[in-house]
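Taking the numbering used here, the leading residue of the sequence shown gets 779, the next gets one more, and so forth.
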Amino acid sequence: MSVGPIQDLSKLCIHTITTKSWSLEEAGENYEKAGVKGISVWRQYLEGRNIAASGDRLRAHGLGIVSLVRGGFFPSISSETRKKAIDDNLKAVDEAAALGAEMIVLVCGADPGQSLEVSRSQIQEGIEKVLPYAIDNGVKLAIEPLHPMYADTRSAVNTMEQANDMAEAIGSDHVGIAADVYHLWWDPHLEKEIKRCGANGNLMAFHICDWVSPTVDMLNDRGLMGEGCIPIQKIRGWVEEAGFSGYNEVEIFSDRHWATDQHDFLNKIVKSYKGC
Ligand code: ZN
């Protein structure tokens, strides 16, 4: 299936980290003015706030609250650290429920002091420990596979295949996958694994941005859609063909764009979104 440019904004969601310097209130107001329809809230933007009231305020701006970002970071060589991670993820469930966010995106974690296999088994164990509480609170958990350049400390889940294996092994309708083009675009098995994910009912979220070449920072040099080399439209076609009909979430960490006027940046996001 080939899809054309998106053009309309009905499924445009933005992650609050994308407009880093804006408070949650500023983001809500400015996103509404720009025609954005969804918001994914990073947890630091909730600090010091009444979370339920913040959720109501965002919804009053006409924004669907797509996800809370982020939980995870389960693996560690220290059992004490692993236990702390569970507590923090339970707290994230409380926050997501209060905010009215449907899911928590999991940056699963890794510890360079142990093998990736051990880290992956600790991730699965961590998710299974948090899951009953998430189910009780009506919150879903989305495993986000990260690019292998982050396999040392950020995630031992690096491909859609590994995320599929884990979600299927857990086998809960409250555990699925967040597919982010930045992390996955290079994978020769991506089309097949996205279809597998959809067929199993595990495709929960779709994140977009672009891979700038040359990349000058491993974390904070993501590009606007169209600035880099990711075939976003092709991947979106696979995602839609796999049955996904949720938001397209723009998630850009960029020192370059953060240094510019954020209103101009938001206009550029909307423009590049329409064409991608
Ligand atoms: Zn993402």
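Here a beta-carbon is modelled for each residue, glycine too, at the ideal position from N, C-alpha and C.
Treat the numbers as computed from the prediction; the structure is a model and nothing was measured.
Beta-carbon proximity list for residue i, same chain, < 7 Å, skipping 5 on both sides
i, result
"residue 1040", "797, 799 and 800"
"residue 916", "875"
"residue 781", "1011, 1014, 1015 and 1018"
"residue 946", "978"
Nearest neighbour of residue i, chosen from the options [CA to CA]
i, options, result
"residue 883", "855, 948 and 956", "956"
"residue 985", "991, 978 and 1013", "1013"
"residue 902", "928, 864 and 917", "864"
"residue 879", "858, 891, 834 and 907", "834"
"residue 919", "867, 925 and 934", "867"
"residue 1043", "1022, 1002, 1052 and 897", "1002"
"residue 862", "988, 904, 922 and 989", "904"
"residue 960", "970, 993 and 845", "993"
"residue 726", "838, 1000, 785 and 1050", "No statement about residue 726 is possible, as the shown extent of the chain runs from 779 to 1054 and does not include it."
"residue 893", "934, 976, 856 and 910", "934"
"residue 989", "962, 1023, 980 and 914", "962"
Beta-carbon contacts of residue i that lie in its chain and below 6 Å, excluding the five residues immediately before and after
i, result
"residue 1048", "812"
"residue 887", "850, 851, 852 and 853"
Residue i - containing alpha helix (DSSP H), residue span
i, result
"residue 976", "968-977"
"residue 915", "No alpha helix (DSSP H) holds residue 915; DSSP gives it neither H nor E."
"residue 997", "It is not in any alpha helix (DSSP H) - residue 997 carries neither H nor E in the DSSP assignment."
Residues near residue i in its chain [Cβ-Cβ closer than 8 Å; skip 5 each side]
i, result
"residue 815", "787, 788, 789, 790, 791, 840, 841, 842 and 1025"
"residue 829", "873, 876 and 877"
"residue 860", "852, 853, 854, 900 and 904"
Exposure label - residue i; buried when at least 16 CB within 10 Å
i, result
"residue 881", "buried"
"residue 850", "buried"
"residue 964", "exposed"
"residue 1007", "exposed"
"residue 1037", "exposed"
"residue 997", "exposed"
"residue 794", "buried"
"residue 936", "buried"
"residue 967", "exposed"
"residue 900", "buried"
"residue 940", "buried"
"residue 858", "exposed"
"residue 927", "exposed"
"residue 1005", "buried"
"residue 845", "buried"
Element boundaries [beta strand (DSSP E), containing residue i]
i, result
"residue 846", "842-850"
"residue 1026", "1026-1028"
"residue 934", "First-last for residue 934: undefined, no H or E at that position."
"residue 787", "Neither: residue 787 is in no beta strand (DSSP E) and is coded neither H nor E."
"residue 800", "Careful: residue 800 lies outside any beta strand (DSSP E) and carries neither H nor E."
Q: Collect the residues with a C-beta less than 5 Å away from any heavy atom of ligand 1 and give them in sequence order along the chain.
A: 958, 985 and 1029
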